[in-house]
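S.K.: Before anything else, here's the structure in question.
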Amino acid sequence: MSSTHHVAPATPVFVPAPTTPYQGDIARYWDHEARPVNLRLGDVDGLYHHHYGIGDIDHAALGDSEDSEYEKKLIAELHRLESAQAELLLDHLGAVRREDTLVDAGCGRGGSMVMAHQRFGCRVEGVTLSAKQADFGNRRARELGIEDHVHARVCNMLNTPFETGQAAASWNNESSMYVDLHDLFAEHSRILAIGGRYVTITGCWNPRYGQPSKLISQINAHFECNIHSRREYLRAMADNRLVPQAVVDLTPAALPYWELRATSSLVTGIEDAFINSYKDGSFQYVLIAADRV
Numbered sequence: 001m002s003s004t005h006h007v008a009p010a011t012p013v014f015v016p017a018p019t020t021p022y023q024g025d026i027a028r029y030w031d032h033e034a035r036p037v038n039l040r041l042g043d044v045d046g047l048y049h050h051h052y053g054i055g056d057i058d059h060a061a062l063g064d065s066e067d068s069e070y071e072k073k074l075i076a077e078l079h080r081l082e083s084a085q086a087e088l089l090l091d092h093l094g095a096v097r098r099e100d101t102l103v104d105a106g107c108g109r110g111g112s113m114v115m116a117h118q119r120f121g122c123r124v125e126g127v128t129l130s131a132k133q134a135d136f137g138n139r140r141a142r143e144l145g146i147e148d149h150v151h152a153r154v155c156n157m158l159n160t161p162f163e164t165g166q167a168a169a170s171w172n173n174e175s176s177m178y179v180d181l182h183d184l185f186a187e188h189s190r191i192l193a194i195g196g197r198y199v200t201i202t203g204c205w206n207p208r209y210g211q212p213s214k215l216i217s218q219i220n221a222h223f224e225c226n227i228h229s230r231r232e233y234l235r236a237m238a239d240n241r242l243v244p245q246a247v248v249d250l251t252p253a254a255l256p257y258w259e260l261r262a263t264s265s266l267v268t269g270i271e272d273a274f275i276n277s278y279k280d281g282s283f284q285y286v287l288i289a290a291d292r293v
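Residue numbers for the sequence shown, in UniProt numbering: 1 to 293.
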């Protein structure tokens with residue numbers, strides 16, 4: 001999930017089966033998304049992410065806000081934090097061998113896939129509803145000379161073409177809020193080898209708050225998604241033979257990213273909803289790593 005503003009031209013979009021009208025909406029959403037907050041950050045080093053950042057701000061790298069280069073440095077710092085988030089996800093994939101296959105469900109423009117291949121040297125398969133995103137990611141793989149190892153395809157993450165037990169590890173990085181969790185985890189459970197690792201990083205509403213807050217509703221409306229509770233994630237995993245090995249609350253680590261982004265020229269209008277919901281405890285940013293048993 002990344003910050004965009006909905007643009008919905010009435011052009012036909014290919015949507016992989018099985019499909020629903022909602023999935024068609026999401027395919028159109030991402031096919032026509034080209035917001036600076038995603039593209040300008042990716043231009044820093046060619047890794048195009050569709051997720052948020054974590055970690056402390058490097059104020060020394062930012063320098064003086066009155067400096068003519070400050071905005072460029074701010075964009076680079078936001079991108080560094082987004083790449084740090086992806087590195088943390090990869091840290092939790094466990095031992096990955098060069099001969100393994102990894103699956104990125106909801107791969108966006110492919111930044112995390114490239115990072116995974118660079119770290120492990122293995123094959124990385126990505127799926128996305130957006131043909132534009134898949135084309136972008138595959139073009140970047142060709143430019144980097146890794147097209148034999150990194151590949152994105154237009155595919156419904158609930159019905160992938162991968163063989164049962166094919167993947168050593170798989171993940172969703174801010175993409176699970178677009179689907180039913182039981183359907184999603186059933187598919188991950190199918191494609192993962194026994195002992196394989198599944199990781200998700202996601203925003204979820206806090207059951208201790210009682211119900212989704214108004215701020216959660218704003219975020220849902222902005223991204224046309226349906227944020228789940230942390231409890232729903234754990235229940236759906238248990239029902240699909242995915243046993244959590246780590247549950248990490250990343251909320252404190254995510255807040256600096258949003259507070260910095262709110263000061264940039266790339267604001268999209270949703271920044272305050274994230275900041276305030278993190279602070280009032282109604283929204284959490286979590287990593288869950290689970291093993292297939």
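All C-beta atoms, glycine included, are put in the ideal place defined by N, C-alpha and C.
Specify the secondary structure class of Ser3 as computed by DSSP and reduced to three states.
M.R.: Because Ser3 carries a pLDDT of 44, less than 50, the predicted location of this residue cannot be relied on, and the following value inherits that uncertainty. Ser3 falls in the coil class under three-state DSSP.
S.K.: With a threshold of 8 angstroms on Cβ separation, who are the neighbours of Asn240 within its own chain once the five nearest residues in sequence on each side are excluded?
M.R.: Closer than 8 angstroms at the Cβ level, and outside the excluded window around Asn240, lie His182, Phe185, Ala186, His188, Ser189.
S.K.: Could you compute how far the alpha carbon of Gly165 sits from the alpha carbon of His151?
M.R.: Approximately 19 angstroms, taken between the alpha carbons.
S.K.: Out of curiosity, what's the CA-to-CA distance linking Arg142 and Val293?
M.R.: Cα to Cα, the separation comes out at about 36 angstroms.
S.K.: Under 8 angstroms, do Tyr285 and Leu250 count as touching if we go by C-beta distance?
M.R.: Yes, Cβ-Cβ distance for Tyr285 and Leu250 is below 8 angstroms.
S.K.: Looking only at its chain, what residues have a beta carbon closer than 6 angstroms to the beta carbon of Val124, apart from the 5 residues adjacent to it on each side?
M.R.: Same-chain partners within the cutoff: Leu102, Met113, Ala116, His117, Val150.
S.K.: Apply the 10 Å Cβ neighbour rule to Asp45 and answer buried if 16 or more other Cβ atoms are within range, or exposed otherwise.
M.R.: Asp45 comes out exposed.
S.K.: Which of the three DSSP states is assigned to His151 in this structure?
M.R.: Correct three-state label for His151: strand.
S.K.: Ordered along the chain, which non-local residues of its own chain (more than five positions away) have a Cβ less than 7 angstroms from that of Gln85?
M.R.: Excluding residues within five positions, the ones whose Cβ falls inside 7 angstroms are His51, Tyr52, Gly53, Ile54, Ile201.
S.K.: Run the CB neighbour count on Asn172, radius 10 Å, all protein chains shown included, and call it buried at 16 or more, exposed below.
M.R.: Looking at its Cβ environment, which holds 16 or more other Cβ atoms inside 10 Å, Asn172 is buried.
S.K.: Restricting to Cα atoms, I'd like to know which of Ala168, Cys155, Ala273, Ala290 is closest to Asn220.
M.R.: Minimum Cα distance to Asn220 is reached at Ala273.
S.K.: Mapping the DSSP letters down to three states, classify Ser176 as helix, strand or coil.
M.R.: Residue state, collapsed to three classes: helix.
S.K.: How many whole angstroms separate the CB atoms of Ala289 and Gln245, which I take to be in contact at a CB cut-off of 8 angstroms?
M.R.: So it is a contact: roughly 5 angstroms between Cβ atoms.
S.K.: Give me, in chain order, the residues of the same chain whose beta-carbon lies closer than 6 angstroms to that of Pro212; leave out the 5 immediate sequence neighbours on both sides.
M.R.: Excluding residues within five positions, the ones whose Cβ falls inside 6 angstroms are Trp205.
S.K.: Rounded to the nearest angstrom, what separates Asp31 and Leu81 at their Cα positions?
M.R.: Each residue's alpha carbon lies about 25 angstroms from the other.
S.K.: Counting only beta-carbon atoms, is Glu125 nearer than 8 angstroms to chain D?
M.R.: You won't find chain D in this structure, because it holds only one protein chain.
S.K.: Quick check: what's the CA-CA separation for Gln133 versus Gly110?
M.R.: Straight-line Cα distance between these residues: approximately 8 angstroms.
S.K.: Jot down the residue ranges of each uninterrupted alpha helix (DSSP H) in the segment 69–109, minimum 4 residues, whole runs only, in chain order.
M.R.: If we require 4 residues or more, the alpha helix (DSSP H) runs fully inside the segment 69–109 come out as 70–91.
S.K.: So, at 6 angstroms on beta carbons, what are the nonlocal neighbours of His49 in its own chain, with the 5 sequence-adjacent residues on each side left out?
M.R.: Only Glu82, Gly111 meet the Cβ criterion.
S.K.: With a CB to CB cut of under 8 angstroms and the five nearest residues on each side skipped, what residues in its chain are close to Ile275?
M.R.: Leu255, Trp258, Glu259, Ala262.
S.K.: Counting only runs that start and end within the segment 218–292, where is the alpha helix (DSSP H) found for 4 or more residues in a row?
M.R.: Segments of the alpha helix (DSSP H) lying fully in the segment 218–292: 230–239, 251–261, 271–280.
S.K.: Just reading off the alpha helix (DSSP H) that Tyr22 is part of, what are its end residues?
M.R.: Its alpha helix (DSSP H) spans residues 21–31.
S.K.: If you draw a straight line from the alpha carbon of Ser264 to that of Val243, how long is it in whole angstroms?
M.R.: Distance between the alpha carbons of Ser264 and Val243: 40 angstroms.
S.K.: Compare the beta carbon distance of Asn226 and Met157 with 8 angstroms and say whether it is the shorter of the two.
M.R.: It is not a contact, given that the beta carbons lie outside the stated cut-off.
S.K.: Span of the beta strand (DSSP E) holding Ile201?
M.R.: Counting along the chain, the beta strand (DSSP E) containing Ile201 begins and ends at 192–205.
S.K.: With DSSP as the reference, identify every bridge partner of Ser170, one or two as the case may be.
M.R.: DSSP, once it has assigned bridges, lists Val103, Tyr198 as partnering Ser170.
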